[in-house]
Amino acid sequence: MTMNVSMTVNGKAVAAEVEPRTLLVQYLREHLGLTGTHVGCDTSQCGACVVHVDGASVKACTMLAAQAEGATVVTIEGLANGDALHPMQEAFRDNHGLQCGFCTPGMVMSAVDIATRHPNPSEQTVREQLEGNICRCTGYHNIVKAVQAGAKAMGG
Amino acid sequence: MYNFNYHRATSRDDAKAKQGGAEDGSYLAGGMTLLPTMKQRLASPSDLIDLAGVSDLAGVRRDGDAVVVGAMTTHAAVAASADVAQAIPALADLANHIGDPQVRNRGTIGGSIANADPAADYPAAIVGLGATVLTDSREIAGDDFFTGMFETALNDGELVTEVSFPVPEAACYMKFPNPASRYAIVGVMVARTADGVRVAVTGAGPSVFRSAEMEQALSGNFSPDALDGISVPAGDLNADIHAGSDYRAHLVGVMAKRAVAGCG
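Those protein sequences? They're chains A and B, same order as listed. Quick note, the first sequence lines up with residues 0 to 155 if you use numbering that gives the first Met the number 0. Quick note, the second sequence lines up with residues 0 to 263 if you use numbering that gives the first Met the number 0.
Shown next, in the form of structure tokens:
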């Protein structure tokens with residue numbers, strides 16, 4: 000059995016026939032070719048798959064594509080404006096908030112969500128709010144700096 | 000995960016009918032436990048009935064001396080609710096420390112309690128605050144709702160619709176979280192209510208439980224010192240790689256004292 004799903008992804012209306020068990024992250028990567036959203040642990044712990052669904056950050060590995068029916072989805076590919084990076088992406092680059100980069104798309108998506116809810120977050124707030132994103136390279140130090148700088152640049 | 004049939008319910012009656020018509024149908028709330036369980040093939044329902052479209056299942060309202068939380072209300076929404084923050088700040092605090100922000104944006108109170116994970120936070124609130132669980136057919140006292148590890152009083156196909164929390168005089172929830180998952184290794188809700196003191200413990204045993212001895216001691220003297228020398232029997236508690244049963248028993252005492260102190 001397959002079913003039709005339709006949603007808006009990065010401003011574009013998309014639709015496809017999928018199996019009900021298709022995860023949102025599979026749909027984004029395999030059907031739409033948006034491979035910026037990563038699959039890390041596939042157990043909703045690491046946060047490499049974080050995207051925004053109707054404005055809220057979620058783990059796309061633990062949501063069915065069917066559950067996003069009619070929703071507005073933003074992935075890491077939807078942040079930049081043409082060649083101009085999003086302020087949070089720019090902040091990650093400026094602060095070297097990455098090493099291998101695998102967790103970075105999820106980190107940036109969570110960071111944008113944090114900045115929206117906490118316009119000028121303290122270091123402690125950032126660390127608490129990044130609970131759902133795991134990085135195995137950096138020790139988080141520069142990521143936290145990047146999130147604070149990005150939040151400021153976003154107008155906090 | 001194995002494949003299944005997906006249905007989006009439009010109303011409570013529609014959800015019930017779809018669940019009843021399925022061979023082995025399961026309601027889908029936020030999916031924060033059900034979907035990982037299905038990925039591991041520990042569950043393989045024939046049909047999922049998504050409750051997200053049943054709009055009257057979500058939301059928080061003040062109803063006299065109670066705060067009523069709809070079953071599909073997310074943890075994030077409970078944490079952000081002005082009604083909850085004003086009437087039962089301990090409940091807002093509990094919701095705000097479940098999992099991580101992404102889990103809180105999807106996970107729901109109804110899904111959490113229907114799943115009845117022994118380390119989940121909400122059972123401590125249901126039992127500790129003396130809440131009532133409302134379903135499509137009846138009211139279940141919080142004390143009677145959790146019957147064992149991943150076991151509840153719910154009948155097959157019974158749908159949780161709301162949870163009604165009576166507003167306590169004071170309450171505080173303290174947990175010692177697993178540093179990775181943020182599930183409670185031990186969590187204790189202490190509440191001072193019109194009907195007496197309640198102490199509910201989650202994470203420590205196979206299911207949430209109350210400590211009559213602690214409640215009695217606190218009834219006479221509501222202070223952390225009143226709990227000196229009181230312990231729960233370690234033999235009944237969980238033991239795993241994160242904490243042995245003796246350690247959990249010790250943590251129950253520590254968390255209970257902190258919760259009493261937190262009641263102010």
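For every residue, glycine included, the Cβ atom is placed at its ideal position computed from N, Cα and C. None of these values were measured; they are calculated from a predicted model.
I think residue i touches residue j, with their Cβ atoms under 8 angstroms apart; what is that distance to the nearest whole Å?
i: Gly69/B; j: Glu212/B; result: In fact, because the Cβ distance is near 35 angstroms, the residues do not count as touching under 8 angstroms.
i: Ser56/A; j: Val49/A; result: 5 angstroms
i: Ala258/B; j: Val189/B; result: 4 angstroms
i: Leu158/B; j: Asp120/B; result: Contact doesn't hold; Cβ gap of about 22 angstroms is too wide.
Cβ of residue i less than 8 angstroms from any chain A Cβ?
i: Phe3/B; result: yes
i: Ala28/B; result: no
i: Ala51/B; result: yes
i: Arg137/B; result: no
i: Met31/B; result: yes
i: Met148/B; result: no
i: Leu128/B; result: no
i: Leu158/B; result: no
i: Leu34/B; result: yes
i: Met71/B; result: no
i: Met0/B; result: yes
CB-CB under 6 angstroms to residue i, same chain, minus the five flanking residues each way: which ones, in chain order?
i: Ala42/B; result: Thr36
i: Gly98/B; result: Arg181
i: Ala47/A; result: His37, Gly39, Cys102, Gly105
i: Ala89/B; result: Ala170, Cys171, Tyr172
i: Gln18/B; result: Gly24, Ile48, Gly156
i: Ala75/B; result: Arg103, Asn104
i: Ile139/B; result: Val132, Ala152
i: Ile240/B; result: none
i: Lys174/B; result: Ala183, Gly186
i: Gly202/B; result: Ala118, Ala183, Ile184, Val185, Gly186
Is the beta carbon of residue i sitting closer than 8 angstroms to the one on residue j?
i: Asn132/A; j: Glu76/A; result: no
i: Cys262/B; j: Arg191/B; result: yes
i: Val52/A; j: Met87/A; result: no
i: Pro117/B; j: Pro205/B; result: yes
i: Ala264/B; j: Leu226/B; result: Any answer about residue 264/B is impossible in this case: the structure gives chain B only from 0 up to 263.
i: Ala158/A; j: Val4/A; result: In the structure displayed, chain A extends from 0 to 155; residue 158/A sits before or after that span and is not available.
i: Ala114/A; j: Gly69/A; result: no
i: Leu23/A; j: Ala59/A; result: yes
i: Gln230/A; j: Ala51/B; result: What is shown of chain A runs 0 to 155, which leaves residue 230/A out entirely.
i: Glu250/B; j: Val207/B; result: Residue identity check: residue 250/B is Leu in the sequence provided, not Glu. For Leu250/B and Val207/B, no; Cβs fall outside 8 angstroms.
i: Leu27/B; j: Thr61/A; result: no
Among residues of its own chain, excluding the 5 on either side of residue i, which ones have a beta-carbon nearer than 7 angstroms to its beta-carbon?
i: Val66/B; result: Val59, Asp82, Val83, Ala86, Ile87, Phe164, Val166
i: Gly138/A; result: none
i: Gln98/A; result: Cys136, Thr137
i: Thr72/B; result: Ala57, Gly58, Val59, Thr107, Ile108
Let me check you understand the geometry: is the CB of residue i closer than 7 angstroms to at least one non-hydrogen atom of the ligand FAD?
i: Gln85/B; result: Ligands displayed in this structure: none; no statement on the ligand FAD is therefore possible.
Does the beta carbon of residue i come closer than 8 angstroms to any beta carbon on chain B?
i: Glu29/A; result: no
i: Met2/A; result: yes
i: Gly131/A; result: yes
i: Gly77/A; result: no
i: Pro19/A; result: yes
i: Asp112/A; result: yes
Quick one: what's got a C-beta closer than 8 angstroms to residue i's C-beta in the same chain, skipping five residues either side?
i: Asn4/B; result: Ala21, Ser45, Asp46, Leu47
i: Ala130/B; result: Ala124, Gly141, Val162, Ser163, Phe164, Pro165
i: Ser218/B; result: Gly195, Val196
i: Gln123/A; result: none
**Prompt:** In the stretch 50 to 73 of chain A, which residues sit with their C-beta less than 9 angstroms from some C-beta in chain B, listed in chain order?
**Reply:** Val52, Ala55, Ser56, Val57, Lys58, Cys60, Thr61, Met62, Leu63, Ala65, Gln66, Glu68
**Request:** Taking a Cβ distance cut-off of 8 angstroms, strictly less, list which residues of the stretch 173 to 194 of chain B are near chain A, in chain order.
**Result:** Ala179, Ser180, Arg181
**Members of the stretch 35 to 46 of chain A that neighbour chain B once the beta carbon cut-off is set at 9 angstroms** = Asp41, Thr42, Ser43, Gln44, Gly46
**Message:** Counting only Cβ-Cβ distances shorter than 8 angstroms, please list the residues of the stretch 90 to 104 of chain B near chain A, keeping chain order.
**Reply:** Gly98, Asp99, Pro100, Gln101, Val102, Asn104
**Prompt:** In chain order, what residues of the stretch 114 to 130 of chain A put their CB closer than 8 angstroms to some CB of chain B?
**Reply:** Gln128, Glu130
**Message:** Short of 7 angstroms Cβ to Cβ, which residues in the stretch 198 to 224 of chain B face chain A?
**Reply:** none
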